[in-house]
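Residue numbers (my numbering): 1 to 800.
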């Protein structure tokens, strides 16, 4: 009951000081709101259980190199088939593969609007333990027309179809052949909280049924990423033992690797978790700065109430009773700020989550829930205890004699001055640490974008075109169709060169099954093979440093040939001359001579691996990525390229993007988002820091106005008064800068250990960050110092 009595008294008290209450509430609301906003998009990856039944029994199956421990992403189709048919310890095995799928383009449109689809086994949702929001799911008979049945995501259902209830049974043209649309029937809507566990870096819009076919290990693109659900009571070690035994029997290639089960939560978020942990860390620093501001406001308010508190103590109030009263006032302020922060977060929820890059994180926050309410409530209570504790301790033991002797309710004491200086020091240290963390990520992002990739990004377009298999079925016709597309594109005005690749390095989500080694040796890291056409190096701007490019005879498959990059040449041939030496594709016995050495090219901004190039094999039966070098990127050329391809197939599904645009989309969105969001948090912390210093110095000036008036009456000039005020503020600011430097070094070590993109050299931006904090502190203290220099000493002495 005493708590409610104190809360009621706090409400009445703050009604008499609305400006004080509003300032404290808004300051706290900023800190609590920043943490609530961060919680909305890190909760899923860090804390929230995955929306699958018995998720602890779900695993992702990965091949592992036994020598290096490197995990691959794709598993041979033969192994998957053997596990599905013969395993006794699995409840189920499901597979998924990603593909860029586009609806039929509108007449006159440049290109179809792409969306991301995953081709999954029919038992995929059953293995996951996911129940549809609407619909019945895929048909169970693989021979029926289930290939044209699709499941759509909740987000796609809302955005594309407006959340219509009659969507089940509707058809959409995901692929066409000739002039007749191939109907794709919507048979279900995925739940709102569905997360596709194989697509860590993309939000999947559509699930299509795809039967598991044998012989998938013939080409890396046809491998799959299986999910395993173990039976209850079966341990991961037992499951891995059976899987490796069955894999060795099914595929001779599996004898050189082993298979490991990765818990599904780890597979989804393990490499994402370190970067996400930085968000609550910086947001927590912002909250601490807010608490320091609120603590000073309560200290100042308590100083004004010194006489009141001393009289209450003289009338019998215990120290605990006074402290509980002050704590209750802090709790009321924090609770009000928490409610305000929660209301703002809920009403801006869509805006907050929309800034999360759609293709950067697989999880999409599903909306405010009880977890957000509990988090905000806990944060509010914790903040109240944090910022109310110091004022409660300081003002719960007032001296009645000193209070009555001072004659001034707000007389500035040395104890209060030390407390205010401590708060300023804390704020500066926290602010500098937060800004340093943001600066580290900004610097690492800038450094990432300046890494030379080895190839020329300027003037290169990437075309991903996929004919429908009813028109051009998977098989030899696919290669013929791709070669025809290359010929058509070469004739477009403005095109300098055209080439094809099995998959561009930036699209290779995981190392595939085709790799090379020297006969009789096995290096610690097998180079991956990329199949290319002869002009690939010209289009990509990759110089041939030794030897030659592929000849026409080699390109047709009449003679074996291999080109290696400089990294592979050093690794395989130990500095010797690679020309004329031979390599062997993994799983083959025939040797391929090395005819040329090409300059190194990165797989991405983060990955540099040895790469081997070979001509397309004669039996190549899948699609190609087409790359086009143009004189200048302009809409007319893109339109001409699209028109040339549509002459082959009027309803060809395609996308045309510049290479630098694709790299930015696939590689830079996540670090850019992290850098920008943390910079925003750092700037908010800097603003709160400046407000806090301004408040401390302003209050000190108000309490010292009599002293300042006397000094000016005795001859002190305005400049001297300003320097007096600024100097008194800069002692704690200097200590705070020292503490901030220590905090920044700790943050740098933490980021370096958790995020590969951060290097110790990135701390070179720290002097700039420290200068920014120093200038903010100077400005915040100069404003009240200028006001102090305008004090009229005659007026002050008259009041005295």
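Beta carbons are placed, not taken as given, at the ideal position from N, Cα and C, and that holds for glycine. All figures in this text were calculated on a predicted structure; none of them were measured in a lab.
In this structure, residue 679 sits near residue 441, with a CB-CB distance shorter than 9 Å.
DSSP places residue 43 within a helical segment (H, G or I) once states are collapsed to three.
Note that the C-beta distance between residue 683 and residue 294 is not below 9 Å.
One thing to note: residue 540 has its Cβ within 9 Å of the Cβ of residue 460. Listed in chain order, the non-local C-beta contacts of residue 238 below 7 Å within the same chain comprise 89, local neighbours out to five positions each way being set aside. Looking at the DSSP output, residue 593 shares a beta bridge with 582. The residue from 724, 595, 63 with its alpha-carbon nearest to that of residue 247 is 63. In this structure, residue 433 lies away from residue 700, with their beta-carbon atoms at least 9 Å apart. Contact holds between the stretch 633 to 647 and the stretch 484 to 494, because three or more Cβ pairs, one in each stretch, are under 8 Å apart. About 4 Å separates the beta carbons of residue 331 and residue 384, which is inside the 8 Å limit, making them a contact pair. According to the DSSP assignment, residue 261 belongs to the beta strand (DSSP E) that extends over 258 to 263.
Below 8 Å, enough C-beta pairs join the stretch 275 to 285 and the stretch 35 to 55 to call them touching: three or more.
Here the alpha carbon of residue 712 sits roughly 28 Å from the alpha carbon of residue 296. Taking all protein chains shown into account, residue 86 has fewer than 16 neighbouring C-beta atoms within 10 Å of its C-beta and is therefore exposed. A straight-line Cα-Cα distance of about 14 Å links residue 656 and residue 500. Inclusion of residue 445 and residue 230 in the CB contact set at 9 Å is not warranted, their separation being larger than that value. Looking at the DSSP output, residue 188 bridges to 135, 151. In this structure, the CA atom of residue 600 is about 41 Å from the CA atom of residue 128. Here the alpha carbon of residue 75 sits roughly 12 Å from the alpha carbon of residue 82. DSSP lists no bridge partner for residue 35. With respect to residue 184, residue 155 sits apart: the two C-beta atoms are not nearer than 9 Å. A distance of 9 Å or more separates the beta carbons of residue 618 and residue 592. Counting every other CB atom within 10 Å of its CB across the protein chains shown gives residue 57 a total of 16 or more, marking it as buried.
By the Cβ neighbour-count rule, residue 480 is exposed, with fewer than 16 other Cβ atoms within 10 Å of its own.
According to the DSSP secondary-structure assignment, residue 531 is paired through a beta bridge with 614. Scanning its chain for C-beta atoms nearer than 7 Å, with the 5 sequence neighbours on each side dropped, one finds around residue 288 the residues 430, in chain order. When DSSP states are grouped into helix, strand and coil, residue 71 belongs to the strand group.
Closest in alpha carbon position to residue 527, among 545, 344, 612, is 612.
In the DSSP assignment, residue 562 falls outside any alpha helix (DSSP H) and within the unbroken beta strand (DSSP E) covering 562 to 565. Cβ neighbours of residue 340 within its own chain (closer than 6 Å, five residues either side excluded): 29. In the same chain as residue 449, and ignoring 5 residues on each side of it, no C-beta atom comes closer than 6 Å to its own. Its Cα nearest to that of residue 123, the residue 132 stands out among 116, 115, 132. Between residue 594 and residue 564, the CB-CB gap stays under 9 Å.
Nearest C-alpha to residue 338 among 50, 702, 374: 374. With fewer than 16 other CB atoms across the displayed protein chains lying within 10 angstroms of its CB, residue 790 is exposed.
Across the set 334, 369, 333, 335, the C-alpha of 369 shows the shortest separation from the C-alpha of residue 349.
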